[in-house]
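Residue numbers (numbering that gives the first Met the number 0): 0 to 393. The beta carbon of each residue, even a glycine, is placed where N, CA and C say it ideally should be. Some notes on the structure that comes next.
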Amino acid sequence: MTAQSDGTGIGLGETGLEVAAGAIVAFRLFDIAYAVDLARAEALWASSAHNGQSRSAIRSRLSATPPKAVAFGVPPVVLMFEPVNLDLDGTRVEASATGRLYDFGVISFALRVPVANLAWPAFVARLNTMDKVVGSGTPTRIWDTLLGQVRTVLGDALERPEASPPAASSLDEDYLVGVVTAFPGNPAAVELQQKIDLVPLLSGESRALSEGARADLMRQRFSYYTDDLVVLTWDRAFIYEPRGDSDVMDVIEVANAQLLEMRYYDELLDNELPRMYDLVEAARGTRTVFGARRFADLARRLYTLVAEVTELTERADNALQVTEDVYLARIYSSALELFRVRLVNAAVERKLAIIRDTYTALYDEASSRRAELMELLITVLIAGEIVLALVRHG
């Protein structure tokens with residue numbers, strides 16, 4: 000039977016099961032620029048030095064999946080940082096730090112804390128502690144420090160970079176993953192779910208949840224072999240992969256990067272629409288001979304905005320190309336649905352449609368104003384000719 004909770008969030012009967020090998024991985028993603036020249040960024044990072052040692056930068060690829068089945072649209076650049084020391088409830092641990100830089104302007108940092116021979120309740124507790132130390136809403140200098148290094152070294156590769164340091168209201172995404180590569184005996188996925196309670200890890204709650212809440216947390220479950228398991232939630236995931244060759248984390252990270260980019264442009268267009276309405280009203284209030292030019296200039300500005308947003312959102316949409324790997328495709332599609340990427344993307348498309356319609360209306364009005372001006376000029380010329388004729392005959 001499934002392990003039951005004793006009210007503390009830790010399943011009864013599971014204290015004898017330990018994580019023989021695994022890791023806790025915390026992601027934090029930021030939008031740092033309109034776009035990134037990845038070739039330039041790779042060269043800059045590889046040629047820079049920190050504390051007398053050169054840095055490492057490589058192009059990323061999925062490690063366990065054939066490129067024909069799943070591949071990055073434009074392979075991001077993986078940046079290697081010095082390890083970071085974390086204090087997790089009095090336990091000092093060293094976390095490896097990496098950053099993955101996408102061409103559409105997103106950087107995804109990852110802190111990875113290895114785990115070995117740790118009882119399951121302690122593993123859950125350490126993951127929850129890591130969430131408190133570096134998770135969402137937690138003020139920490141770690142992310143600011145990593146961001147500062149990226150901005151300093153890669154400034155020349157960033158096109159229209161975001162303000163530095165990031166404002167308190169700047170957009171970011173975070174995600175937490177518990178990874179297990181070995182349990183004693185490597186039980187099958189079905190057996191594992193009978194031995195441990197995954198809900199405390201997935202929810203971060205110390206109190207027992209209702210059956211409905213538990214079922215909702217466990218809804219997005221995936222297995223390819225009998226001895227692997229992936230469970231996704233909005234802000235956490237559990238991955239059990241004895242072969243240690245899963246690309247699931249990469250897929251989850253790409254989905255988060257796409258969500259962040261769509262949220263960025265959704266907010267950008269939210270701010271742009273009221274400004275657009277004000278500019279349109281101001282242009283319509285102009286009754287001078289330059290009114291048509293103001294309409295045309297505003298139409299060009301809106302067209303440029305639509306073109307830029309469309310280009311970058313398409314880059315984000317095509318960040319990962321899944322063709323033949325049905326398993327990863329299911330996880331990727333579920334992550335996009337769970338993170339509401341498609342909903343935010345639809346909101347962006349609706350706002351772009353409004354701007355496109357406004358652009359068309361402005362273009363038509365500018366053409367109308369020009370036609371009216373031409374008619375006026377022709378009338379003036381005809382009247383002038385008549386006056387000159389009358390003067391000559393007078």
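Taking all protein chains shown into account, L380 has fewer than 16 neighbouring C-beta atoms within 10 Å of its C-beta and is therefore exposed.
Residue burial is scored here from C-beta neighbours: W233 has fewer than 16 other C-beta atoms within 10 angstroms and is therefore classed as exposed. Judged by beta-carbon spacing, D102 lies within the 8 Å limit of V35, meaning their Cβ atoms are closer than that value. Between the C-alpha atoms of A328 and V230 there is a straight-line separation of about 15 Å.
Exposed is the label assigned to A115, since fewer than 16 other Cβ atoms lie within 10 Å of its Cβ. In this structure, DSSP gives V152 a helical state, which the three-state scheme calls helix. According to the DSSP secondary-structure assignment, M79 is paired through a beta bridge with T97. The beta carbon of T90 sits closer than 8 Å to the beta carbons of R125 from its chain, once the five residues preceding and following it are set aside; these are given in chain order. Below 8 Å, enough C-beta pairs join the stretch 22 to 30 and the stretch 174 to 189 to call them touching: three or more. The beta carbon of G72 lies closer than 8 Å to those of R314, N317, A318, L319, Q320 in the same chain, with the five residues before and after it left out.
Put simply, the backbone Cα of A109 is about 16 Å away from that of I31.
Taking each of G211, W44, T312, T225 in turn and checking the Cα distance to A187, the smallest one comes out for T225.
Closest option to L117, judged by alpha-carbon separation, among T151, G211, V18: V18.
The alpha carbon of F80 has as its nearest neighbour, out of V92, T357, A96, the alpha carbon of A96. Residue state for A42 is assigned as helix, using DSSP reduced to three classes.
Cβ-Cβ distances below 7 Å link V152 to L43, W44, S47 in the same chain, with the five nearest sequence neighbours on each side left out; the list follows chain order.
A residue is called buried once 16 or more other Cβ atoms fall within 10 Å of its Cβ, and K350 is buried on that count. Contact between L191 and S202 is ruled out by a C-beta separation of about 18 Å, above the 8 Å threshold. In the same chain as N127, and ignoring 5 residues on each side of it, the C-beta atoms closer than 6 Å to its own belong to G203, in chain order.
Under DSSP, the beta-bridge partners assigned to R111 are V24, S95. Judged by DSSP secondary structure, V132 falls within the alpha helix (DSSP H) whose first and last residues are 119 to 133. In the DSSP assignment, L228 falls within the unbroken beta strand (DSSP E) covering 228 to 231. Per DSSP, the continuous beta strand (DSSP E) segment holding A181 begins and ends at 171 to 181. Closest in C-alpha terms to D88, from the list R54, L100, V132, comes V132. Residue state for E161 is assigned as coil, using DSSP reduced to three classes. By the neighbour-count criterion, in which a residue is buried when 16 or more other Cβ atoms sit within 10 angstroms of its Cβ, M373 is exposed.
According to DSSP, residue pairing for R235 in a beta bridge involves L175.
Across the set L376, D155, R339, the C-alpha of R339 shows the shortest separation from the C-alpha of R262.
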